[in-house]
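Protein chains in written order, with this note's numbering: chain A, 8 to 303; chain B, 6 to 360.
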Amino acid sequence: MDLTQIVQYCLSGITIGSVYAIVAIGFNIIYNATGIINFAQGEFLIVGAMTAVSLYQVVPLPVAILLAVLITTLLGGLVELVFIRRVRDASVLQLIVITIGLSIVIREAMLHIWDEKVRSLPYFTGTSVSTVSLLGAHISPQVIWVLGVSAVVVTALTLFFRFTLTGRAMRACADDRMAARLCGTNDRWMVTLSFMLSAGIGALAGCVISPVTQTQYDMGAPLAIKGFTVAILGGLGNSIAAVAAGLLLGLLEVFMVSQFQVAYKEAVAIVVLLLVLVFRPHGLFTRREIGALRAS
Amino acid sequence: MRFRRYLPVFIGALLIVGFQVALSAAGATYYMTQITMSAYYALVVIGLCLLMGYAGQVSLGHAGFFSIGGYTSAVLTTCNLIAWRDAPLVAWCRSLGLVFERQDLYGATILSFSPWPAFLAALVLTGLIAFLIGLPVLRLKGHYLAMATLGFGLIIYRVVLGARLFGQSDGISSVPPFPLIAGLQVNGRSAFRVQNYYIAWAVVMAAMVLAISLVNSRVGRALRSIHQNEEAAHSLGIDTYRYKLATFVLSAIFAATGGALLTHYNGSIGPGEVTVMKSVRYVAIVAVGGMASLWGALAMGILLNFLSLRGVFGTYDDVVFGAILIAMMLFAPQGLLRVPRLRLLSSLLSRRSHG
Numbered sequence: 008m009d010l011t012q013i014v015q016y017c018l019s020g021i022t023i024g025s026v027y028a029i030v031a032i033g034f035n036i037i038y039n040a041t042g043i044i045n046f047a048q049g050e051f052l053i054v055g056a057m058t059a060v061s062l063y064q065v066v067p068l069p070v071a072i073l074l075a076v077l078i079t080t081l082l083g084g085l086v087e088l089v090f091i092r093r094v095r096d097a098s099v100l101q102l103i104v105i106t107i108g109l110s111i112v113i114r115e116a117m118l119h120i121w122d123e124k125v126r127s128l129p130y131f132t133g134t135s136v137s138t139v140s141l142l143g144a145h146i147s148p149q150v151i152w153v154l155g156v157s158a159v160v161v162t163a164l165t166l167f168f169r170f171t172l173t174g175r176a177m178r179a180c181a182d183d184r185m186a187a188r189l190c191g192t193n194d195r196w197m198v199t200l201s202f203m204l205s206a207g208i209g210a211l212a213g214c215v216i217s218p219v220t221q222t223q224y225d226m227g228a229p230l231a232i233k234g235f236t237v238a239i240l241g242g243l244g245n246s247i248a249a250v251a252a253g254l255l256l257g258l259l260e261v262f263m264v265s266q267f268q269v270a271y272k273e274a275v276a277i278v279v280l281l282l283v284l285v286f287r288p289h290g291l292f293t294r295r296e297i298g299a300l301r302a303s
Numbered sequence: 006m007r008f009r010r011y012l013p014v015f016i017g018a019l020l021i022v023g024f025q026v027a028l029s030a031a032g033a034t035y036y037m038t039q040i041t042m043s044a045y046y047a048l049v050v051i052g053l054c055l056l057m058g059y060a061g062q063v064s065l066g067h068a069g070f071f072s073i074g075g076y077t078s079a080v081l082t083t084c085n086l087i088a089w090r091d092a093p094l095v096a097w098c099r100s101l102g103l104v105f106e107r108q109d110l111y112g113a114t115i116l117s118f119s120p121w122p123a124f125l126a127a128l129v130l131t132g133l134i135a136f137l138i139g140l141p142v143l144r145l146k147g148h149y150l151a152m153a154t155l156g157f158g159l160i161i162y163r164v165v166l167g168a169r170l171f172g173q174s175d176g177i178s179s180v181p182p183f184p185l186i187a188g189l190q191v192n193g194r195s196a197f198r199v200q201n202y203y204i205a206w207a208v209v210m211a212a213m214v215l216a217i218s219l220v221n222s223r224v225g226r227a228l229r230s231i232h233q234n235e236e237a238a239h240s241l242g243i244d245t246y247r248y249k250l251a252t253f254v255l256s257a258i259f260a261a262t263g264g265a266l267l268t269h270y271n272g273s274i275g276p277g278e279v280t281v282m283k284s285v286r287y288v289a290i291v292a293v294g295g296m297a298s299l300w301g302a303l304a305m306g307i308l309l310n311f312l313s314l315r316g317v318f319g320t321y322d323d324v325v326f327g328a329i330l331i332a333m334m335l336f337a338p339q340g341l342l343r344v345p346r347l348r349l350l351s352s353l354l355s356r357r358s359h360g
């Protein structure tokens, strides 16, 4: 492997990794506000991309993406209002089962709306063959879009959670829901908001990666597994660490593919997931004591 | 009390015989094929019910155990050892009757393992894998456990799709019938329909009796205490981890039994049996049955699998199971039989299974 090849692999690893990071952040937002792992997170990505593809037939690309993000955001809110809010003092098992059920229903609904054809949005700039040279390696301009959008999303979220009242209220709910409520935070609305936010971000991610990875109705589940792996790897709820973990997994996957059969590519993430769950369930970057406190 | 506890088994047996007579009289014996298949799927559900309902541990990877059982049986009974027929190990197996010779469709001679040793090997292997997987995984809780078992199921799926040994996306076909004892064999051909209906039910009822006596024993009480409050159970001196692990292995073996027998019955197995959707489906059935209700799980396992196999749900097959999951958790997390309006029915059934 020469230098150019390594750079090439690194770049595609970083691209895939930043997609995983965005999915992981979607998990984290909901987990932070509610303690729920939303198994339907992957479906939000595909709904977003599919809606954008359909809207692109009638409106220009930026408008289509904007509308798709809005629609998916509403869908996320609707899911929370109709299903999650109805179960009071639900056990973890119950919530897992509900979100799994939701992911199946959403996926099958997509199959009936959009059939099983593979679709994709057009490249945002240039075409599928245009490239940008970087250190001798050639990458598609879409890759830069993916990286840019991931960076913007992470920065915006960090600012949102740190400096806005709503963001702080959401973090307060995550820390101690009762205390947040006593301080006058509308904790139910915060949960709804967290679902909307993660659905919207998921939809945006789905649109940005659509030209590169294509979009099919059943691609949500594999993405969700990888996003979850990344979320665990970084420590559940920690979005900055999720970015690092995402890049790590992306690079790992790409270099594994260069060495092993492609058929086992999917297994890499799952093996990583199992190893992390067994040895460091609180994440790579979280201290054991903090993990134990969070889990209780 | 003992009699009351097993009363449903006798009622069940009467129903099974009655159903067979009715179907034969009506000339609709083809329904028995799907009932037989549903019965084998119900074995997975019974095992999962023990794990989820009684020990309180979720598993999203039981289709994996089902397939390990099925694929092990299939590989061992279809592999061809003819090239090594004179090797000392094969000759030794032959003298013990562990291998047998047969002609395939094209008249070629195939020397492969007999179904009985293959079946036992499948159960042992599944138990072993469940033990090794359960060892680290059952230390996890909630979401982590769910994701870890889901991950296990996905790895099995990838291995099946990727390895030539397992026929990749084609699966393994022309698995021979399974002669159990004199005259009885697990065989999907229509001449064996009635016989197989009873074989499947005998296996299911044996599993039910085993499960019921387990639930009502010291072990069952320990499991229920784990489900309600693991810390409290632990402080009472119950080795919670060991009980969870044992239940996990037992439920995996139940699943493997179903998988191996169904593979012989169908004569084939494919990667469709290993998908996450299959695992979710088993969870859905246990949920509808009422989590901690073995009879509920059995009834729903037979009913839903039968309807699904008959193609009643059409292209909405997966949606039905997804919707069932959501609806059950929203409106009746204790299971259908615990809904107030149906309590009369439930008092007839559930009190007996708890004894």
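Don't be surprised by glycine CBs; every beta carbon is placed ideally from N, CA and C. Predicted model only: the values in this text are computed from it and were never measured.
Inset, instruction - Within 10 angstroms of the Cβ of Trp206 (chain B), are there 16 or more other Cβ atoms? Answer buried if so, exposed if not. - result: buried
Legend entry - Leu280 (chain A): contacting residues in chain B (beta-carbon distance under 8 Å): The answer, in chain order, is Met152, Ala153, Gly156.
Legend entry - Where the alpha helix (DSSP H) containing Thr41 (chain B) begins and where it ends: 35-54
Legend entry - Environment of Ala237 (chain B) [buried if 16+ CB atoms lie within 10 Å]: exposed
Legend entry - Ser2 (chain B) in three-state terms, based on DSSP: Since the displayed chain B opens at 6 and closes at 360, residue 2 (chain B) lies outside it and no answer follows.
Inset, instruction - For the alpha helix (DSSP H) holding Ser64 (chain B), just list the boundary residues, first then last. - result: Segment: none, Ser64 (chain B) is in no alpha helix (DSSP H) and carries neither H nor E.
Legend entry - Beta-bridge pairing of Ser246 (chain A) - partner residues as DSSP gives them: Ser246 (chain A) is not bridged to any residue.
Inset, instruction - Consult DSSP for Arg107 (chain B) and reduce its assignment to one of helix, strand or coil. - result: Three-state result, Arg107 (chain B): strand.
Legend entry - Per-residue contacts from Arg163 (chain B) into chain A (C-beta, under 8 Å): Going along chain A in sequence order, the residues near Arg163 (chain B) (Cβ under 8 Å) are Ala270, Tyr271, Glu273, Ala274, Ile277.
Legend entry - Nearest neighbour of Phe292 (chain A), chosen from A:Leu118, A:Ile239, A:Val279 [CA to CA]: Ranking the options by Cα distance to Phe292 (chain A), first place goes to A:Ile239.
Legend entry - Cβ-based contacts, 7 Å cut-off: residues of the stretch 97-122 of chain A near chain B: Val99, Leu100, Gln101, Ile103, Val104, Ile105, Ile107, Gly108, Leu109, Ile111, Val112, Glu115
Inset, instruction - Tell me whether the beta-carbon of Val104 (chain B) lies closer than 7 Å to the beta-carbon of Phe124 (chain B). - result: no
Inset, instruction - For Ser358 (chain B), I'd like the list of residues in its chain whose CB is within less than 6 Å of its CB, leaving aside the five on either flank, ordered along the chain. - result: Below a pLDDT of 50, predicted positions are generally treated as unreliable, and Ser358 (chain B), at 46, falls in that range; the measurement from the model is reported next regardless. Sequence-distant Cβ neighbours of Ser358 (chain B) in its own chain, meaning closer than 6 Å and more than five residues away, are Leu299, Trp300.
Legend entry - Cβ neighbour criterion (16 or more within 10 Å) applied to Gln149 (chain A): Buried is the call here.
Legend entry - Proximal residues, the stretch 46-72 of chain B versus chain A, C-beta separation under 7 Å: Val63
Legend entry - Where His232 (chain B) sits in the DSSP three-state scheme: helix
Legend entry - Within chain A, the residues that Phe318 (chain B) reaches when beta carbons sit closer than 8 Å: Result: empty, since nearest Cβ-Cβ is about 11 Å, beyond 8 Å.
Legend entry - Any chain A beta carbon closer than 7 Å to Tyr248 (chain B): no
Inset, instruction - Specify the secondary structure class of His289 (chain A) as computed by DSSP and reduced to three states. - result: coil
Inset, instruction - Please report the residue range of the beta strand (DSSP E) in which Ile140 (chain A) lies. - result: It is Ser, not Ile, that sits at residue 140 (chain A) in the sequence shown. Here the beta strand (DSSP E) through Ser140 (chain A) covers 139-141.
Inset, instruction - Could you please give the first and the last residue of the uninterrupted beta strand (DSSP E) stretch that includes Ala144 (chain A)? - result: Boundaries of the beta strand (DSSP E) around Ala144 (chain A): 144-146.
Inset, instruction - Scan the stretch 46-57 of chain A for residues whose Cβ lies nearer than 9 Å to a Cβ of chain B and list them as they occur along the chain. - result: Within the stretch 46-57 of chain A, the qualifying residues are Phe46.
Inset, instruction - Determine, using beta carbons only, whether Tyr36 (chain B) and Leu28 (chain B) come nearer to each other than 7 Å. - result: Yes, the pair counts as a contact, with Cβ atoms nearer than the cut-off.
Legend entry - Cβ pair Gly213 (chain A), Gly20 (chain A) closer than 7 Å: no
Inset, instruction - Quick one: give me the first and last residue of the alpha helix (DSSP H) that Pro69 (chain A) is part of. - result: 68-89
Inset, instruction - Rounded to whole angstroms, what's the CA-CA distance from Ser174 (chain B) to Ile43 (chain A)? Just pull it up for me. - result: Going from the Cα of Ser174 (chain B) to the Cα of Ile43 (chain A) covers about 35 Å.
Legend entry - Integer Cβ distance of Tyr27 (chain A) from Leu128 (chain A), believed to fall under 8 Å: Cβ-Cβ separation between Tyr27 (chain A) and Leu128 (chain A): approximately 20 Å, too far for a contact (criterion under 8 Å).
Inset, instruction - Report yes or no: do three or more beta-carbon pairs, one from the stretch 310-320 of chain B and one from the stretch 107-114 of chain B, lie closer than 8 Å? - result: No: the two stretches stay apart, fewer than three of their Cβ pairs being nearer than 8 Å.
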